[in-house]
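The sequence shown begins at 5 in the numbering used here and counts up one residue at a time.
Taking it in order: structure first as structure tokens, then the write-up.
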Amino acid sequence: MEDLRAQQIEALEVLCDYNERLVKGIHDIIGELEGERLEDTDKFLENIINGINWEINVLNGTMALINEKEERIRKEEMNEGIQELSKALGGKDDKEMAAALTKALPIFEDLGKAAKETLER
């Protein structure tokens, strides 16, 4: 049990470092999708999506620890936001993807905050 907890703590430490870059990247890709598209926007978007998927996987493995003392992350809200994002990404419309990313952004900001708070206690 202690080994699992140590692994979860280590995963949250890595997530905290990565989350700041991911949140910045989401801000940047929203700008590109709203009309300032660059040559590498599609590749950048793919990297952002991979980062989002990685954070979701980490969250799935650490949710019990994050919510141990109090509910910091609501799985239902997270799932709803991710489903909307997934639908928009499937449509390949830049404006819709930007809107869905804008709506999902607070989820990842909250995840980073919850991870930091969990590590601080």
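The C-beta atom is built at its ideal place from N, Cα and C for all residues, glycine as well.
None of these values were measured; they are calculated from a predicted model.
- Counting only runs of 4+ residues, no alpha helix (DSSP H) is found wholly inside the region 51-77.
- Between Leu8 and Asp98, the CB-CB gap reaches or exceeds 8 Å.
- In this structure, the CA atom of Arg78 is about 14 Å from the CA atom of Gln87.
- Excluding the 5 residues flanking it on each side, Asn23 has same chain C-beta neighbours closer than 6 Å at Gly116, in chain order.
- Note that the C-beta distance between Ile30 and Leu93 is not below 8 Å.
- Within a 10 Å sphere around the beta-carbon of Ile56 sit 16 or more other beta-carbons, which makes this residue buried.
- For Glu81, the uninterrupted alpha helix (DSSP H) run begins and ends at Lys79 to Gly95, by DSSP.
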